[in-house]
Amino acid sequence: MKKETLLNKLLSYFIAENNEMKIMDMPSDYIEKRRLLRVLMNIRIPQPIDSNILKLHDDFLLEETKEKNIVNPYELHTVAEDFNETKTPLLTKLVLWQGDITTIAVDAIVNAANSKMLGCFVPLHRCIDNAIHSAAGIELRLECNEIMEKQGFDEPTGHAKITKAYNLPSKYVLHTVGPIIYDNLSEEDCRLLASCYTSCLEKASEYDVIKTVAFCCISTGEFRFPKNIASKIAVETVCNWLKVNPNRFDRIIFNVFTREDYNEYARLFREYN
Numbered sequence: 250m251k252k253e254t255l256l257n258k259l260l261s262y263f264i265a266e267n268n269e270m271k272i273m274d275m276p277s278d279y280i281e282k283r284r285l286l287r288v289l290m291n292i293r294i295p296q297p298i299d300s301n302i303l304k305l306h307d308d309f310l311l312e313e314t315k316e317k318n319i320v321n322p323y324e325l326h327t328v329a330e331d332f333n334e335t336k337t338p339l340l341t342k343l344v345l346w347q348g349d350i351t352t353i354a355v356d357a358i359v360n361a362a363n364s365k366m367l368g369c370f371v372p373l374h375r376c377i378d379n380a381i382h383s384a385a386g387i388e389l390r391l392e393c394n395e396i397m398e399k400q401g402f403d404e405p406t407g408h409a410k411i412t413k414a415y416n417l418p419s420k421y422v423l424h425t426v427g428p429i430i431y432d433n434l435s436e437e438d439c440r441l442l443a444s445c446y447t448s449c450l451e452k453a454s455e456y457d458v459i460k461t462v463a464f465c466c467i468s469t470g471e472f473r474f475p476k477n478i479a480s481k482i483a484v485e486t487v488c489n490w491l492k493v494n495p496n497r498f499d500r501i502i503f504n505v506f507t508r509e510d511y512n513e514y515a516r517l518f519r520e521y522n
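Encoded structure:
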């Protein structure tokens, strides 16, 4: 079935099930239709869905994933190769990569979630939580909702949960809630951010099939954690964990989206000894 035909069927279903958002005219342009589908997925509460529609939804998102330039983590240069002349053995497991985390075929990617753990409900929001849920599909929110209903309370800062990745090229998603910075940065904020990285590594370690992990820049976006301090905590925490567990992972990737973030990590790796 052609992608636009799939898109039209999905739009018809999601528009019909939404009682609050009244859409008078269906967009004729494909890009606008696709934006509308993402909006409807973003605002959709976790509720049952017709199995036939779910299959169409998965077919559509998987086709989009195939069209992306999927990144093989083993083909990326390591930090030791690119930044560190001493070729410290530990750094042969680390990668600094700038790109879209929804295109990398690692075993697990890390999502910077909020305490509700259901993904971002703001239509077309530019946060990584929205991007990951939009590419993975509505099943990700459904699984997160099931986990949180069983838990019965909001996810504490610094902890981590794991789910399937559904229509992403990765196999799993590690969800962690970073600290939100309202005023001055505190020692507790730094401790909690370090806990995010440790919790993700510990949770991933429970799954033998997870050999590669990609971290996003936790808390540095909407949560306003200073980027220079966050990158230092990320590198130190992951490196200290690897020193204790040297054989656990093949690759740990620090995924950054901006050149500013890339430069912060690159500086740290050049100075690492």
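Going by this note's numbering, the sequence shown opens with residue 250, and the numbers climb by one from there.
C-beta: ideal position from N, C-alpha, C; glycine also.
Only a predicted model underlies this, so the values are computations on that prediction, with no experimental measurement involved.
- One thing to note: VAL422 has its Cβ no nearer than 8 Å to the Cβ of ALA483.
- Around the beta carbon of LYS342, 16 or more other beta carbons lie within 10 angstroms, which makes this residue buried.
- Per DSSP, VAL371 lies in no beta strand (DSSP E) and is assigned neither H nor E.
- Taking the CA atoms as reference points, LYS315 sits about 16 Å from LEU255.
- Of THR425, PHE464 and ILE459, the smallest CA-CA separation from CYS445 is found for THR425.
- The C-alpha of CYS439 is placed about 8 Å away from the C-alpha of ALA479.
- Check the Cα spacing between CYS376 and each of ASN494, GLN296, ASP349 and LEU285: the tightest is with ASP349.
- Counting along the chain, the unbroken beta strand (DSSP E) around PHE464 starts and ends at 461 to 464.
- For THR314, the uninterrupted alpha helix (DSSP H) segment begins and ends at 300 to 316.
- With contacts defined as CB atoms closer than 8 Å, ASP356 and THR447 fail to qualify as a contacting pair.
- Restricting attention to LEU345, ASN512 and LEU491, the CA atom closest to the CA of PRO338 is found in LEU491.
- Per the Cβ contact rule, the stretch 392 to 399 is not in contact with the stretch 321 to 335 (fewer than 3 Cβ pairs under 8 Å).
- Secondary structure at THR447: helix, using DSSP grouped into helix, strand and coil.
- Excluding its 5 nearest sequence neighbours in each direction, ALA362 has C-beta neighbours in its own chain below 6 Å: ASP378, HIS424 and VAL426, listed in chain order.
- Within the same chain, ILE387 come within 7 Å of ILE298 by CB-CB distance, once the 5 residues on both sides are set aside.
- Between the C-alpha atoms of PRO475 and THR469 there is a straight-line separation of about 6 Å.
- For VAL505, there is no enclosing alpha helix (DSSP H); the enclosing beta strand (DSSP E) covers residues 500 to 505.
- For ASN360, DSSP records a beta bridge to HIS424.
- Using a Cβ distance threshold of 8 Å, ALA463 and VAL359 count as a contacting pair.
- Per DSSP, the continuous alpha helix (DSSP H) segment holding ALA515 begins and ends at 508 to 520.
- THR351 sits away from ASN318, with the two beta carbons spaced by 8 Å or more.
- Partner residues in the beta bridge of ALA409, as assigned by DSSP, are THR425.
- Secondary structure note for LEU289: its alpha helix (DSSP H) is the uninterrupted segment 279 to 292.
- Rounded to the nearest angstrom, the Cβ distance from PRO276 to LEU285 is 6 Å, consistent with a contact under 8 Å.
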